[in-house]
Structure formats: C-alpha cells, structure tokens
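Input: a single structure, listed below in structure tokens.
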Amino acid sequence: GAVVSQHPSWVICKSGTSVKIECRSLDFQATTMFWYRQFPKQSLMLMATSNEGSKATYEQGVEKDKFLINHASLTLSTLTVTSAHPEDSSFYICSAARTPPYNEQFFGPGTRLTVL
Amino acid sequence: AQSVTQPDIHITVSEGASLELRCNYSYGATPYLFWYVQSPGQGLQLLLKYFSGDTLVQGIKGFEAEFKRSQSSFNLRKPSVHWSDAAEYFCAVGGGNNDMRFGAGTRLTVKP
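Protein sequences, first through last, are from chains A and B.
Under the numbering used here, think of the first position of the first sequence as 21, with each following residue one higher.
Under the numbering used here, think of the first position of the second sequence as 734, with each following residue one higher.
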C-alpha cells in the first residue's frame, strides 16, 4: 500500500512553454502533498507543501507564480512550471502524506524535466 | 527547525566489507527518522524508519540503523556490502506536522 505515481516520468520542452506534472496517491487519500526539486548530485529541496482544497505553502526562495501547485482532490496534486527556462531543468519529486498520526511521506518516482 | 547532517559526502568500500553511514539530526522533540536509497535517475526507496520503541531498526536489503538520542545520531549499517548497494543514501528527519528534511546525501561506491 501507499503507492504514489508521477506523470510524466520525463519531459522535454522548449523554453517559454509550460509543463504540468501530476502526482497521484493510488491507494490512499493524501491530505498533504509535497513537491521537491533535486539537482544532479544534490539532495532533495522542499519547494512547497499543499493541502487539499487550500493554497500551497511555498518555501523561501521558490517563486509561486512560476511553480503553480494545485491540490484539487485527496489523490491528485499538480505542479505546473510556467514559462520554463533551461535553469528549471531538474528532477522533480512529489510525496504524499496520509491523515495524521501517520508521520511519513510516500514518494513518487520523480519526473525529469529538461528545458531546451 | 529540524536539520540533518550527513558528514560523509562519498564513501568507498570493498564488496563484502561492512558499512556504516553517519547521520546526525537536530530536532527539538522526538524525531521521526528515515533512511532512503536512490539509484541514478530513480526515485527514493525507503530502507527503514524509526518512530519509537526499539532503537535498533531493521530494514530491507540487510540494512539496520540505531537511534542514539544522547548522540543525536541515526547511523545506517550493513555487515556485508554487495555491489548492487552502490547508490546515494539520504537520511531524513520528520516531525509531527508531516514536514521532512533531508541530509545532503552520501554516495556509496563499492569496489570489486
């Protein structure tokens, strides 16, 4: 149980276009979902936390207008990278948490974004 | 705020040798501690976790970790490393609000 999927697994886009990444909890309801970014050979950096039905909370330094997060249901969160540029190329990983008292995040397989 | 330190950026061990990866955390209350492994281009795989109870935790693939509150440590160990264990290892600490922070990671190389 506690499987999280991401789609697409990889995407290549042209500079200036927008890309949407989906994160789904397949067998549980996720009250909270998280989006991380990982540069090559680096650790995961939390970008934002989203709770179903409310606005996402962004970490300091993350542009909320560039990285749009929507958590419309208890099983789906989306990250849209707007007007993507080459510096947005990265590995994006989502995770989902069930209703407390569970204190564990379940991670998706990641999405590799390459912006040309 | 919680934080995690993995002092070793890169470790090389011979196949069959024992392994210990260090992790130190900072957290004001009882932490929830995790070890993940990541192969190149892949997502995270949970090796083991500590929430409470027995401080020696057994995980998958023959890994174990010991929670030592007095040292604020949660070191990962394996008695005999296999070539397939070569990967990046991340220690993470979480709190009651589902927040989680990751260490910088330790890259493990296994020599034949």
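Glycine included, each C-beta is placed from N, C-alpha and C at the ideal position.
Please read all numbers here as calculations on a predicted model, not as lab measurements.
If you follow the beta strand (DSSP E) that residue 791 of chain B is in, where does it begin and where does it stop?
For the purposes of this step, residue 791 of chain B is taken as the residue at position 58 of the second sequence. For residue 791 of chain B, the enclosing beta strand (DSSP E) stretches over residues 789 to 791.
Beta strand (DSSP E) segment containing residue 820 of chain B, residue limits
For the purposes of this step, residue 820 of chain B is identified with residue 87 of the second sequence, where counting begins at 1. 820 to 827 is the span of the beta strand (DSSP E), which, as asked, contains residue 820 of chain B.
Proximal chain A residues relative to residue 765 of chain B, where beta-carbon distance stays under 8 Å
Sequence index remark: in the second sequence, residue 765 of chain B carries index 32 (1-based). Correct list: 123, 124.
Whole angstroms are fine: how far does the CA of residue 24 of chain A sit from the CA of residue 46 of chain A?
Here residue 46 of chain A refers to the residue found at position 26 when the first sequence is read from its first residue. Here residue 24 of chain A refers to the residue found at position 4 when the first sequence is read from its first residue. Between residue 46 of chain A and residue 24 of chain A, the C-alpha separation is close to 6 Å.
If you draw a straight line from the C-alpha of residue 100 of chain A to the C-alpha of residue 793 of chain B, how long is it?
Start at 1 with the first residue of the first sequence, and residue 100 of chain A comes out as number 80. Start at 1 with the first residue of the second sequence, and residue 793 of chain B comes out as number 60. The straight-line gap from Cα to Cα measures roughly 35 Å.
Assuming residue 32 of chain A and residue 134 of chain A make a contact with CB atoms under 8 Å, what is their CB distance in whole Å?
Residue mapping note: residue 32 of chain A aligns to position 12 of the first sequence, counting from 1. Residue mapping note: residue 134 of chain A aligns to position 114 of the first sequence, counting from 1. Right, their Cβ atoms sit about 5 Å apart.
Could one say the Cβ of residue 59 of chain A lies closer than 8 Å to chain B's Cβ atoms, at least one of them?
Residue numbering aside, residue 59 of chain A sits at position 39 when the first sequence is read from its first letter. Not one chain B Cβ lies under 8 Å of residue 59 of chain A.
Looking only at its own chain, which residues have a Cβ that is under 6 Å from the Cβ of residue 754 of chain B, when we skip the five neighbours before and after it?
By one-based count along the second sequence, residue 754 of chain B stands at place 21. Only 809, 822, 839 meet the Cβ criterion.
Do we get a CB-CB distance below 8 Å when we pair residue 128 of chain A with the residues of chain B?
By one-based count along the first sequence, residue 128 of chain A stands at place 108. So, interface residue.
Taking the C-alpha atoms as reference points, what is the distance between residue 91 of chain A and residue 69 of chain A?
Translated into positions along the first sequence, residue 91 of chain A becomes position 71. Translated into positions along the first sequence, residue 69 of chain A becomes position 49. Those two C-alpha atoms are separated by around 10 Å.
Got a sec? Which residues, its chain only, sit under 7 Å from residue 834 of chain B by beta carbon, not counting five neighbours each side?
The residue you call residue 834 of chain B lines up with position 101 of the second sequence. Answer for residue 834 of chain B: 735, 736, 737, 825, 826, listed in chain order.
Can you look up residue 802 of chain B in the DSSP assignment and give me helix, strand or coil?
Here residue 802 of chain B is taken as the residue at index 69 of the second sequence, counted from 1. Helix at residue 802 of chain B.
Over the uninterrupted beta strand (DSSP E) stretch that includes residue 752 of chain B, give me the two end residues.
What you label residue 752 of chain B is simply residue 19 of the second sequence in a count that begins at 1. Its beta strand (DSSP E) spans residues 752 to 754.
Verify the CB distance criterion: does residue 835 of chain B have a CB-CB separation below 8 Å to chain A?
Translated into positions along the second sequence, residue 835 of chain B becomes position 102. So, interface residue.
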